[in-house]
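**Student:** If you scroll down you'll find the structure; I have some questions about it.
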Amino acid sequence: MNSTENTSRDKIIFTAQLASISLIWIFVIAIAIWILNLISVSVDLNDAPGISIAISLVAIPVFFTLASILTYVFVGFHKNSKSDLNNTLGD
Amino acid sequence: MTEEKTKTIDIDEALYRPIYETGRGFYLTVGILLMIILFAAFMYVRQVYYGLGVTGMNQPVTWGFYIVNFVFFIGISHAGTLISAILRLSKAEWRRPITRMAEVITAIVLAIGGLHPIIDLGRPDRVLNIFTAGRLQSPLLWDVTSITAYFTASTVYLYLPMIPDIAKLRDRGGKLTRFYDFLSWGWQGTDHQKKVLNRAINILMVMVIPIAVSVHTVISYIFSMTLQPGWHSTIFGPYFVVGAIFSGIAALLIVMIAFRKVFHLENYLKLIHFQYLSTLLLIMSLLWFYFTFSEYLTGIFGAEPHEMDVILYKFTGPYAIFFWSMVVFNFIIPVIVLSFKKFKTIKGILFASITVVIGMWLERLNIVIPSLANPRMELGSGMYFPSLTEWSLFVGAIAVFVLGYVLFSKFFPIISIWEIEEGREESIKEVEKRVKSYLPGPAETSD
Amino acid sequence: MPKWAMVIDLDKCTGCGDCMAACKLENNVAIVSPEQTEEGRVMFWMDMMSVYDGEYPHVKVKRIPKPCFHCDNPPCIKVCPVHATYINPEGLVGQIYHRCIGCRYCMAACPYTAKVFNWYEPEWAEEFKTCLNPDVSLRMKGVVEKCSFCAHRLQVVKEDADAEDREIMDGEYMPACSESCPADAIYFGDLENRESKVFKLSRSPRAFKELEGLGTEPKVIYLSKRE
Amino acid sequence: MEIKRRDFLKLLSGASGAVALGTYGCSDIIDVPEKLIELAQKGPGIVTWTNTICGQCSAGCGIKIRRIDGIPVYIKGNPTYPVNRGGMCPSGHSSLEVLFNPDRVKEPLKRIGLKESGKWDSISWNDALQLIADKMIELRNVGKPHQVAFLDGSDQPGLMNKHIAQFMKAYGSPNYYQSGQLKNNTAPYRLLQGINQLPSYDLLNSKYILSFGSNFLEEGYSPIYYTKIYSHLRDSSEHGRTRIVQIDSRISLTAANADLWIPIRPGTYGALALGIAFVLIREKLFDDNFIKNYSFGFNDWTDNKGITHLGFRSNVISNYYPEQVSKITGVPAETILKIARDLGNSRSSVVLGDQGTVDNTNGTFSQMAVHSLNALLGNFGKDGGVYFVDLPPLADLPPFDEDEIAALGNSKKPVAQSLDTNYPLADFSIDSFTKNILNDDPYPIDILFLYKGNPLFKTLNHHDFAETLKKIPLVVSFDPFITETSEYADIILPDHTFLEKWDKFCNTPTVGFTHVGIQQPVIEPLFSTRNAADVIIELSNKIDQSVANALPFQSYENEIRFSVEKLYNSGEGAIISEGVKSSWLEYLQQRGWQIGRYNSFDEFWKLLTRNGGWWNPIRQTKDYKELFKTPSGKFEFYSQNFANIINKLIETTGGESPENREKVLHSLNISVRGDKVFLPHYEAVPIEENMPLYFITFKLLTNRDGQSSNQPMMQEMFGYTVREYWNSWVEINPETAQEYGIEDKKDVWIESPIGSIKVRARLNPGIMKEVVAVPFGLGHTSYGRYAKGYGTNPITILKNKYDMINGNPALQATKVKISLAT
């Protein structure tokens, strides 16, 4: 009984955490889209597209790496916290 | 296992106290700060309503305090992430109580600094044009991108190492358990989790350093990309970065000393920490002087007339007082204070750090205003007097910084507890091992 | 494609300042209150520089009219974050008041300090509003503005030319300043057209450009024996 | 020579490339098809252009008004109008701010409360006029029409002054005055040549222009006309470069554009001129033939009584050798030699003098000295010299017979004539005017009309003049604005601004050809204002039939038509237009044809009003008879006219006697004695020794005589040359400033014996070390929201000194001391 309400609370928090992670992804993707948009504008106006592309080449990967690191940590934590539990049970 | 845990808690109780015990002092400070911030906000609204006329800016001095403070704050922000990253990379063991404070500075100041260009806009209502019709060719856009990147990176870099501590708070129960539970991302302290976390942190600290460097380089580009005398200089990138780290360290020292005093952390922040850091400060001061020297020497030696107008404006003209006090604050005072053992007390270091912060602000002032005040054409030289609006927004910005810091320390430990523990448990052995590893092995007895 | 340029003959210019007045009148440039002018916020699209040289009593004074130089390689458009200032194929450097976010980066970047800023909402007495030039849009507070070579006149001239389907004649399109210069010291025309007065004058040995070394390639060319 | 002449005409016709370019781009809007195109493009907003004459100053430039649906929105120069050829000046461009000015007087006003109280009550036109008419009738009934005075501030020759004169004559008052100094300034020419007109200078054909303080590009009678000529001279594509040498105490706009600036001590121009004459004579650089045949009193001579008189030559030789002159003027002797030689050796060279030379206590004599250089160079009736323009063939106002009341009144001595021997050649002396009225001597003034100008703002003795205005029971002002002067008026009958009214101007002084300009309404009157001229007609009708007869027109417009009709009949000249090249015009006229592009007067009138004016560029070469209307019929170095005037004065003041003569000469501030009096000579300016610095005022194109002060654009632009806006400043030489510890842009006190003013100091290497200069035009105490309280009026600290010969105020005769304001 006690355990069940615990799990339900965990579920809520877990979804919240998932949401936060996806928010970060949305943020990163938004930035990427914005930069791409600017590039397309500069290409249309033929207004120094080179620079725009160069910058995007640096900026976009950076943001994606950051996001993926976070996801990596999050996933890493959860995947293995279970296995650890199994280990402890095994003892 | 369990008893050990309780023991450690007792040991580091000092670090938890500020979170759980709230004195009248806290409310008082927060109240005062809020009032200052509200006033500043009012002044800003007024500015938006009437137009930038309420500032002291004019033609030809079209940029004033806002841009100066923008550069200044972003500079300060280099305290944290960059320094802690370097210290982590170089496995400097004394870093452990410092890194968190440093990183928090970054996160907060960066947010403040990043807002300044928007405060400076004549039409903030149109700021979204940057997204619809932006031009990546404009250095301003480079700033927007690099600052966003740096901000995300450093917040992440602040957050990840905090997870274990948050977990501790969660386990302690008491207030905001859910909140901490949410933030702790299910940290159990298992070996695998530790491994994951360390790996992430290691990747981050490698990544953060170039980003941080790029940020201030790009900010210097705002100026050096124009053709204006005194701005159009290749040295600006590194010059700004050095200046940034310089002021960053000073700011960090001030913050450390402040918290040491307020939260009685003498036990964690020992004199040695300050002395190590201040040595770094001394080095930066020398480096800064070297850059300043070469910057102006090239100008004077070339003696291009318009360059000279600007330089004389700083050396002997209306800005002489700011320029020379900058030199005194950034170079003479720090060098004198920090190179003599007997001055190298907490007080001495605090004094030096404060002068450095002021000095670095003056440096930004000396970079922005004189070049604008001396246009190339024969229009006579302009003058700039900041108005009340600009002053109050400056003070307001500082207030926001302090408030942010105070609130942070209300919810999270400002010294990384788990790293301290880690230090206690492993580092001594580890350091021993490491030192052994670079000592020559026992001589083989040839028998 | 024409390339519009201005030639100012400093040997003929007396510095009477009429170009400044004509410009203000034609382009609805706001008149700045005394307090603001004291602050250094006066607005002239066409400004006047006074250059003194020589020791008393052999002093020489030269007055130099200074519009926007409409550079072929304008430092201002490079730094604009929102396409609010641009150069068009005919070489006119324009300003889009409704897009400008007022960062004043272009002003900081312009080596000729040709731009002015609306520090407050520009104001006119009710009576004066009736005689504003309807061809030129009014500016709002917080945006940058500058000399446009009276581009709105080009529109009219073009339409006339199209209506009679012919080329625009030399001297048909003139900014207010050059049109009303009492010394006929301000020439205006098409640099690409080898027949135009401006082209010929730009080749004169007296011709020079301000801060030529910066490579901004200004399209306002001065003529002077003194320089 | 012919070719040169043609160049001149070519310029004026706008044929020379530069001018053509400068004036292009409006003809296409006048013609019909483009207009339709424009209409098609612009849809509702219909653009029309109307030609008229600018009324901002006396220059009388032709302007085009751009109107959109009848509302004026832009002004530019009329490219075909010969005076300005499409050029304009800043204050001309801000004319719309006069028309739409928020501070205009919108209806007739009647003062309530004390004078200067600034309280006004509106009154209907009819009541106002009736009120004035009754007063005037009353005066006539008691036989005192002469106690009405009319002060006309406009310096423009045209129809209006004739109109007023006719009215006053018919009414019976000799007291109509033009307060501008136009007539007074002709004194030197009256004395030397017996001509009552300012000369014009053929600058285009002269190779060397020596200007004695004549700031013709800025303060001249028609700056834009001279600017055009200047630009033509500087047009390097044209014939060889003309050298311009400017002698002035500060670098005026003209000096800035001259090849050489020669700083000179204020008030010593005459001495320098004679110093140059010395060199010309010594080195035989003068025109021998002219001097021998057409000049009088150059060498010593003996009159019919057998008395030998001193000649110009020996006077100059014995008194004005360069070292001596150098001491007086501060101009190095070698400089004097150099310019004298350049002057004498370059053919042709011309000498002109104005502001600096004229605006001083010794103005007349200095100007005589300057003008006598032209005689030495034989600069009469030849290209690149001095000439006098004919009047246009306009109809005079119809003759009328004045009734005996009027006759009686007109026989009275004008009130502005000095009672003692002062100002013998003054047409109008503000000094005598105020004195006499304040003393009711010879008779009081009951009604004063004020038209245009703002005399109170410009007069030296503010206080006395204000008192005069207070004293006169009924002061009527025609100002469209409430100026300092009309603050003292009892009734204001608001005139139209010049963009709403009809008027006619002819022959702007010193402009080199005969011309007529028509000023016409470009917009319906905005408020209940009336053209002063029409008001005067109404008054005349109200007063008396005999007065009404003098102005038999139902409107001023008709009067203009009437006077212009003769122009049409004369068949001379032509209506200005792009079509007619003046050379072609000349060709036709030499063969006695006229340009018959109009076959009825109505058509003539239509074209005249459409194109804005009429002109006749052909200059009949006059023979010397017409040039020298002197007793000797020659150019008189020794002015017999002046001798006669002095003698007459002596008779009137109790007969010829040494002490009497002494008295008269003394009263005229003439220090020399004997024949020298009648020769061009240098009179030292009486100055207070205890003051270290000379104080001079100067005028700017942005605000020529304080009239543009109610136009915000001009107030803002006022000091654009030194980047001072809405504000006055004092020019100080850096070394002088250092001496007094004054820094740039700091406020300083300027203290004269009269009073002191606080002005911002602007260091300027372009001014003499012992001179400080403040621009004139700002410092209004009234005149609307844009004028009141900005800058300072330098006139207020000038000493009350005049040229005792022609009554001009001395603007450069005050010395001051300066100190940093703390």
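From first to last, the protein sequence lines stand for chains A, B, C and D. Using our numbering, the first residue of the first sequence is number 1, and each one after it goes up by one. Using our numbering, the first residue of the second sequence is number 1001, and each one after it goes up by one. Using our numbering, the first residue of the third sequence is number 2001, and each one after it goes up by one. Using our numbering, the first residue of the fourth sequence is number 3001, and each one after it goes up by one. Yeah, the Cβ is synthetic: ideal placement off N, Cα and C, and Gly gets one too. Note that the structure is a prediction, hence the values are computed from the model and not measured.
Give a yes or no on whether 8 Å exceeds the smallest Cβ distance from Ala-2109(C) to chain B.
**Tutor:** With 8 Å as the cut-off, Ala-2109(C) counts as an interface residue toward chain B.
**Student:** Are the C-beta of Glu-1295(B) and some C-beta of chain C separated by less than 8 Å?
**Tutor:** Glu-1295(B) does not count as touching chain C.
**Student:** His-1264(B) by DSSP, collapsed to three states: which one?
**Tutor:** Residue state, collapsed to three classes: coil.
**Student:** Should Lys-2141(C) and Glu-2121(C) be called a contact, given that it needs their Cβ atoms to be closer than 8 Å?
**Tutor:** Result yes, Cβ atoms of Lys-2141(C) and Glu-2121(C) sit closer than 8 Å.
**Student:** I need the straight-line Cα distance from Asp-3675(D) to Ala-3643(D), nearest angstrom please.
**Tutor:** Rounded to whole angstroms, Asp-3675(D) to Ala-3643(D) spans 9 Å at the Cα level.
**Student:** List in chain order: all unbroken alpha helix (DSSP H) runs of 4+ residues lying wholly within the segment 2156-2195 of chain C.
**Tutor:** Counting only runs of 4 or more, we get 2176-2180.
**Student:** Less than 8 Å between the CB atoms is what I'm expecting for Lys-3076(D) and Glu-2179(C), so what's the real figure, rounded?
**Tutor:** With 8 Å as the limit, Lys-3076(D) and Glu-2179(C) qualify as a contact, their Cβ atoms being about 6 Å apart.
**Student:** Within the chosen definition, does the segment 1178-1188 of chain B reach the segment 49-64 of chain A through at least 3 CB pairs nearer than 8 Å?
**Tutor:** The answer is no - the segment 49-64 of chain A does not touch the segment 1178-1188 of chain B, with fewer than three Cβ pairs under 8 Å.
**Student:** Closer than 8 Å by C-beta to Thr-3792(D): which residues in its own chain qualify, once you throw out the five before and the five after it? Chain order, please.
**Tutor:** Within the same chain, Thr-3792(D) has close Cβ partners Ser-3728, Ile-3757, Lys-3758, Val-3759, Val-3774, Leu-3778 and Gly-3779.
**Student:** Name the chain C residues that come within less than 7 Å of Met-3717(D), Cβ to Cβ?
**Tutor:** In chain order: Gly-2017, Met-2020 and Ala-2021.
**Student:** Enumerate in chain order the residues of its own chain whose CB-to-CB distance from Asn-3806(D) is below 6 Å, with the five nearest sequence positions on each side excluded.
**Tutor:** For Asn-3806(D), where only same-chain residues beyond five positions count, the Cβ hits under 6 Å are Asn-3184, Ala-3187, Thr-3364, Leu-3425 and Ala-3426.
**Student:** Three-state secondary structure (DSSP) at Leu-1183(B)?
**Tutor:** Leu-1183(B) falls in the helix class under three-state DSSP.
**Student:** Find the residues of chain D that neighbour Thr-2113(C), judging by a C-beta separation of less than 9 Å, and give them in chain order.
**Tutor:** Near Thr-2113(C) there are no residues of chain D at all, since even the closest Cβ is about 13 Å away, more than 9 Å.
**Student:** Since Ile-2064(C) contacts Val-2051(C) with CB under 8 Å, what's their CB separation in whole angstroms?
**Tutor:** Rounded, the Cβ-Cβ distance is 6 Å, consistent with contact.
**Student:** Residues in the same chain with beta-carbon distance under 8 Å from Cys-2016(C), minus the five sequence neighbours each way, listed in chain order, please.
**Tutor:** Counting only Cβ-Cβ distances below 8 Å, and skipping sequence neighbours, we find Pro-2182 and Ala-2183.
**Student:** Out of curiosity, what's the CA-to-CA distance linking Lys-3634(D) and Phe-3628(D)?
**Tutor:** Roughly 5 Å separates the two Cα atoms.
**Student:** Between the C-alpha atoms of Val-3564(D) and Gln-3519(D), what's the straight-line distance to the nearest angstrom?
**Tutor:** Those two C-alpha atoms are separated by around 13 Å.
**Student:** Any idea what DSSP makes of Tyr-1221(B), helix, strand or coil?
**Tutor:** Three-state result, Tyr-1221(B): helix.
**Student:** Relative to the alpha-carbon of Ile-3523(D), which residue among Leu-3096(D), Asn-3084(D), Met-3088(D) and Pro-3090(D) has its alpha-carbon at the smallest distance?
**Tutor:** Measuring from the Cα of Ile-3523(D), the nearest candidate turns out to be Leu-3096(D).
**Student:** Which value, in whole angstroms, describes the spacing of the CA atoms of Pro-3442(D) and Lys-3769(D)?
**Tutor:** Computed Cα separation, rounded: 46 Å.
**Student:** In the DSSP output, which residue or residues are listed as bridge partners for Thr-3308(D)?
**Tutor:** BP columns for Thr-3308(D) point to Thr-3302(D).
**Student:** Give the DSSP bridge partners of His-3780(D), in chain order.
**Tutor:** Lys-3788(D).
**Student:** Quick one: list the residues of chain B neighbouring Cys-2080(C), beta-carbon separation under 8 Å, in chain order.
**Tutor:** What Cys-2080(C) touches in chain B: Arg-1135 and Ser-1138.
**Student:** Using a C-beta cutoff of 8 Å, does Asp-47(A) count as contacting chain B?
**Tutor:** Yes, because at least one Cβ of chain B sits closer than 8 Å to the Cβ of Asp-47(A).
**Student:** Where Lys-3606(D) and Asp-3390(D) are concerned, what is the direct C-alpha to C-alpha distance, given to the nearest angstrom?
**Tutor:** Straight-line Cα distance between these residues: approximately 25 Å.
**Student:** If we ignore side chains and look at the alpha-carbon of each, how far apart do Glu-1093(B) and Tyr-1157(B) end up?
**Tutor:** Straight-line Cα distance between these residues: approximately 18 Å.
**Student:** Taking a Cβ distance cut-off of 8 Å, strictly less, list which residues of the segment 2205-2226 of chain C are near chain B, in chain order.
**Tutor:** The residues in question are Glu-2210, Leu-2211, Leu-2214 and Thr-2216.
**Student:** What does Gly-1114(B) reach in chain A if we use C-beta pairs closer than 8 Å?
**Tutor:** Going along chain A, no residue has its Cβ under 8 Å from Gly-1114(B), so there is no contact; the nearest lies around 14 Å.
**Student:** For Ile-1414(B), return the contacting residues in chain A, with the cut-off set at a CB-CB distance below 8 Å.
**Tutor:** None at all; the shortest Cβ gap to chain A is about 22 Å.
**Student:** For a contact meaning CB atoms closer than 7 Å, what does Asp-3235(D) contact in chain C?
**Tutor:** Within chain C, the residues near Asp-3235(D) are Lys-2012.
**Student:** If you measure from the beta carbon of Leu-1063(B) to each beta carbon in chain C, is any gap under 8 Å?
**Tutor:** With the sequence shown as reference, residue 1063(B) is identified as Trp, and Leu is not the correct amino acid for it. Yes, Trp-1063(B) counts as interfacial toward chain C.
**Student:** Taking 7 Å as the limit between beta carbons, can you name the residues of its chain near Phe-2117(C), skipping five residues before and five after?
**Tutor:** Within the same chain, Phe-2117(C) has close Cβ partners Arg-2104, Met-2107 and Val-2144.
**Student:** Nearest-angstrom Cα distance between Glu-3557(D) and Asp-3503(D)?
**Tutor:** Rounded to the nearest angstrom, the two C-alpha atoms are 8 Å apart.
**Student:** Taking a Cβ distance cut-off of 7 Å, strictly less, list which residues of the segment 47-70 of chain A are near chain B, in chain order.
**Tutor:** Listed by position, the residues of the segment 47-70 of chain A near chain B (Cβ gap below 7 Å) are Asp-47, Ala-48, Ile-51, Ser-52, Ile-55, Ala-59, Val-62, Phe-63, Thr-65, Leu-66, Ile-69 and Leu-70.
**Student:** Kindly give me the distance between the Cβ atoms of Ala-3340(D) and Tyr-3682(D), rounded to whole angstroms, as I take these residues to be in contact under 8 Å.
**Tutor:** The pair is not a contact, with the Cβ atoms about 16 Å apart (cut-off 8 Å).
**Student:** Could you say if the segment 1351-1358 of chain B and the segment 1229-1244 of chain B meet the contact criterion of at least three C-beta pairs nearer than 8 Å?
**Tutor:** Flag = no, the segment 1351-1358 of chain B and the segment 1229-1244 of chain B do not touch.
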